[in-house]
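A.B. asks:
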Amino acid sequence: MITRIVRVNPENLEICEIYAVAKSIKEGGLVAFPTETVYGLGADALNPSAVKKVFKVKGRPKDDPLIVHIADMNEIYKLSREIPAEAEVLMKTFWPGPLTLVLKKSNIVPDITTAGLDTVAIRMPKNEIALTLIKLAETPIAAPSANLFGKPSPTSADHVILDLFGRIDFIIDAGETHIGVESTVVDVTTIPPMILRPGGVSLEDLEAVIGRIKLHPAIRAKGKKVVAKSPGMKYKHYAPEAKVILVEGSPEKIERKIISIIKKFKRGGMTVGVITRQKIFYPDADIVKYFNDCHAIAKNLFKTFREFDALGLNIIVAEGVEESGLGLAIMNRLRKASYKIVRA
Ligand code: TXA
Ligand code: MG
C-alpha cells in the first residue's frame, strides 16, 4: 500500500494541503494526523469498515474502544444521548484541549467504534490541522494514538512513519506535538465523575472547575489487580524494549540510588540510559537525558523511550516526579512502562 506523506507548516496552514487527506477519510481511508497531545490514527468514526481497519492496522485488541474527535462542540449532541451538567461545564472550559469525556452513546455511533460499550469517548483537540481535517471530512474522526499496539505513543510523524508507513493512506507531518502525553479521559456518566486516564488536563484543573472528582484506582497502581473501567487500562502500554526501572524518593537519595543501580548493571555488562530532572552527569551511564520540568518530561518521554530503544539499551533508569499537575500523567506512564519500581 502507498502511504502519502503531507508535510505542513503548523504556523502557516494552507487548507488546500488537507483536502486530499480529508477526502481519504470520507472514502473510508486511514490517516495519521497531529493533535496537541500525540499523533492519532484517524478513520471516519461513523463508518464501521473504516474503523475496523484501524484496529487491524494497529494490532489493537477489539475490546479497547476509540476516542471520537470532533471540531465543533455541538457535535456532542449527535454522538451522545445524555449530557450531564458537569460534562457541559468541562467541555466549555477545556475544549478544544486534551480532555476526553466518556458519555452515553447515541445510536449513530457504530458498536465497533466503542468496542460494544454503551458509552462513547469524545474530545475536541486543540490543533488547527486536526480541526481542519475533521471539518473538511465532514464527519467525526475516531482515532487511537498512531503507534503499533504496545509501542509508545508517537509524538512526531517520524514515529508514525516507523510504525505505520505502507499500512495507511496518509501521514500528515507537522513536526513534534506540544504536550507529549495523551488526553485525560474522564467518565462523566458516574457521580462524581471519574478520571480513567490522567493526561494533559490535570486533576487539580478539573477539581477547580467541577469540585469532586475521583481517580480510578488503577491509575496509581502498578501490576496490582484492579478491575479495569477503561478497557485500555488492562493492557500493558508504553513499554520500550529496554527494561525500565523507576526510582522514587527525595532528590538527594535518588541520585545516590541511581548511581548504584547504574554501577550494578554496568558490572553485569549491560548498557544503561538515564532520564533525570537533576543536572547530574552520571559518568557511568551510557546516555543521560536531562529535562528540567514536567512539561519537558511529558513532551520528551515517549520520544526518549524510542531513542533509547533505537540505541539498543538494556536498562532505562527513570527518576520519579511529584504526582501533581502533569506529574500524575507522567508517573502513570512510567509505572505502566516499568518492570521494577525502587524507593530511594
Ligand atoms: O490524546 C489522546 O487521547 C490521543 C489523541 C490521538 O487524541 N488518543 C489516544 O487514544 O490516546 P488511545 O486509543 O490510545 O487511548 C484511548 C483511551 C483508551 O485507554 C480507551 O480504553 C479509553 O480511551 N476509552 C475509549 N473509549 C472509552 C469508553 N467508552 N469508556 C472508557 N474508556 C474509553
Ligand atoms: Mg494509545
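Our numbering runs 650 ahead of the 1-based position in the sequence shown. Where is the CB? At the ideal position from N, CA and C, for every residue including glycine.
Taking buried to mean at least 16 other C-beta atoms within 10 Å of its own C-beta, is P711 buried or exposed?
C.D. replies: Counting Cβ neighbours within 10 Å, P711 comes out exposed, since fewer than 16 surround it.
A.B. asks: Could you check where the beta strand (DSSP E) with L751 kicks off and where it finishes?
C.D. replies: Counting along the chain, the beta strand (DSSP E) containing L751 begins and ends at 749–755.
A.B. asks: Could you give the distance in angstroms between the alpha-carbon of E1044 and the alpha-carbon of I863?
C.D. replies: The structure shown does not extend to residue 1044, since the chain is modelled only from 651 through 994, so no value can be given for it.
A.B. asks: With distances taken Cα to Cα, identify the nearest neighbour of P901 among L961, F683, V971, T685.
C.D. replies: Nearest C-alpha to P901: V971.
A.B. asks: Could you compute how far the alpha carbon of T769 sits from the alpha carbon of K754?
C.D. replies: When rounded, the distance between both Cα atoms is 4 Å.
A.B. asks: At a cut-off of 7 Å, is P794 close to ligand 2 when judged by its beta-carbon and the heavy atoms of the ligand?
C.D. replies: Yes, Cβ of P794 sits closer than 7 Å to a heavy atom of ligand 2.
A.B. asks: Any chance the CB of S806 is under 7 Å from a heavy atom of ligand 2?
C.D. replies: No; taking the cut-off as 7 Å, the Cβ of S806 has no heavy atom of ligand 2 nearer than that.
A.B. asks: Exposed or buried, what is V739 when buried is set at 16 or more other beta-carbons lying within 10 Å of its beta-carbon?
C.D. replies: Classification of V739: exposed, given that the 10 Å Cβ count is below 16.
A.B. asks: Determine the contact status of F820 and V656, defining contact as a CB-CB distance below 8 Å.
C.D. replies: Closer than 8 Å, so yes.
A.B. asks: So is the beta-carbon of S803 under 7 Å away from any non-hydrogen atom of ligand 2?
C.D. replies: At least one heavy atom of ligand 2 is nearer than 7 Å to the Cβ of S803, so yes.
A.B. asks: State buried or exposed for C944, treating a residue as buried only when at least 16 other CB atoms are found within 10 Å of its CB.
C.D. replies: Under this definition C944 is a buried residue.
A.B. asks: With V894 and A987 assumed to form a contact (beta carbons below 8 Å), what rounded beta-carbon distance in angstroms separates them?
C.D. replies: At roughly 5 Å, the Cβ-Cβ gap stays under 8 Å, so V894 and A987 are in contact.
A.B. asks: Taking C-beta to C-beta, are A780 and P684 nearer than 8 Å?
C.D. replies: Yes.
A.B. asks: Counting C-beta neighbours from all protein chains within 10 Å, is the total for E661 16 or more, i.e. buried, or is it exposed?
C.D. replies: Exposed: under 16 other Cβ atoms inside 10 Å.
A.B. asks: Should L783 be flagged as near chain D, meaning a C-beta pair shorter than 8 Å?
C.D. replies: Protein chain content of the structure displayed is limited to a single chain, and chain D is not contained in it.
A.B. asks: Pairing CB atoms from the stretch 750–765 with CB atoms from the stretch 703–720, are three or more of them under 8 Å?
C.D. replies: The stretch 750–765 is in contact with the stretch 703–720.
A.B. asks: Note the first and the last residue of the continuous alpha helix (DSSP H) segment covering G977.
C.D. replies: Run containing G977: 977–987, per the alpha helix (DSSP H) assignment.
A.B. asks: Go to L814, then tell me how far its alpha helix (DSSP H) extends in each direction, as first and last residue.
C.D. replies: 807–814 is the extent of the alpha helix (DSSP H) around L814.
A.B. asks: Just the Cα atoms here: how many angstroms apart are M723 and V759?
C.D. replies: Approximately 16 Å between the Cα atoms of the pair.
A.B. asks: If I follow the unbroken beta strand (DSSP E) through H719, where does it start and stop?
C.D. replies: Looking at the DSSP string, the run of the beta strand (DSSP E) that includes H719 is 717–719.
A.B. asks: At a cut-off of 7 Å, would you count T687 as near ligand 1, judging by its Cβ distance to the nearest heavy atom?
C.D. replies: Because some heavy atom of ligand 1 lies under 7 Å away, the Cβ of T687 counts as near it: yes.
A.B. asks: Which ranges does the beta strand (DSSP E) cover as unbroken runs of at least 3 residues, wholly within the stretch 817–871, from first to last along the chain?
C.D. replies: Fully enclosed beta strand (DSSP E) runs of 3 or longer: 820–823, 834–837, 844–847.
A.B. asks: Helix, strand or coil for T926? Go by DSSP, reduced to three states.
C.D. replies: Three-state result, T926: strand.
A.B. asks: My understanding is that T834 touches P843, with C-beta atoms under 8 Å, so please give their C-beta distance in whole angstroms.
C.D. replies: Incorrect: roughly 11 Å between the Cβ atoms, too far for contact.
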